[in-house]
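Engineer:
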Amino acid sequence: MPDSVHTAAKPPRVDARCPLRPGQPCTLCQLDVTGPQDCPLVYLVMSDDELRDGVRRGGAAR
Numbered sequence: 019m020p021d022s023v024h025t026a027a028k029p030p031r032v033d034a035r036c037p038l039r040p041g042q043p044c045t046l047c048q049l050d051v052t053g054p055q056d057c058p059l060v061y062l063v064m065s066d067d068e069l070r071d072g073v074r075r076g077g078a079a080r
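Shown next as structure tokens:
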């Protein structure tokens, strides 16, 4: 019996970007998060209209 290992090809890893620091990677700065998708700080900022607009203006000014 041949010794062959069947491995599925893994898709290339995509580094998550922090929506609060445009252009920068997510550094997992909050405890118990796996990325921006479950970050409580990202949730709070993106759910507030003024804060979200401020982040967008700040990123456009750079």
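Residues in the sequence shown are numbered from 19 upward in steps of one, following this note's numbering.
Glycine included, every Cβ here is placed at the ideal spot set by N, Cα and C.
1) Could you tell me the distance, in whole angstroms, from the CA atom of Ala34 to the CA atom of Val51?
2) Expressed to the nearest angstrom, what Euclidean distance is found between the alpha-carbon atoms of Tyr61 and Arg75?
3) Go ahead and pull the three-state DSSP assignment for Arg70.
4) Using the rule of at least 16 other Cβ atoms within 10 Å of the residue's Cβ for burial, across every protein chain shown, is Leu49 buried or exposed?
5) Taking the DSSP output, what are the residues bridged to Pro37?
Structural biologist: Let me spell this out:
1) The residue given as residue 34 occupies position 16 in the sequence shown. The residue given as residue 51 occupies position 33 in the sequence shown. Their Cα atoms are separated by approximately 12 Å.
2) Residue numbering aside, residue 61 sits at position 43 when the sequence shown is read from its first letter. Residue numbering aside, residue 75 sits at position 57 when the sequence shown is read from its first letter. Approximately 18 Å, taken between the alpha carbons.
3) As a position in the sequence shown, residue 70 is number 52, starting the count at 1. The answer is helix: DSSP assigns Arg70 an H, G or I state.
4) Here residue 49 refers to the residue found at position 31 when the sequence shown is read from its first residue. Exposed.
5) In the sequence shown, counting from the first residue as 1, residue 37 sits at position 19. DSSP output for Pro37 lists no bridge partner at all.
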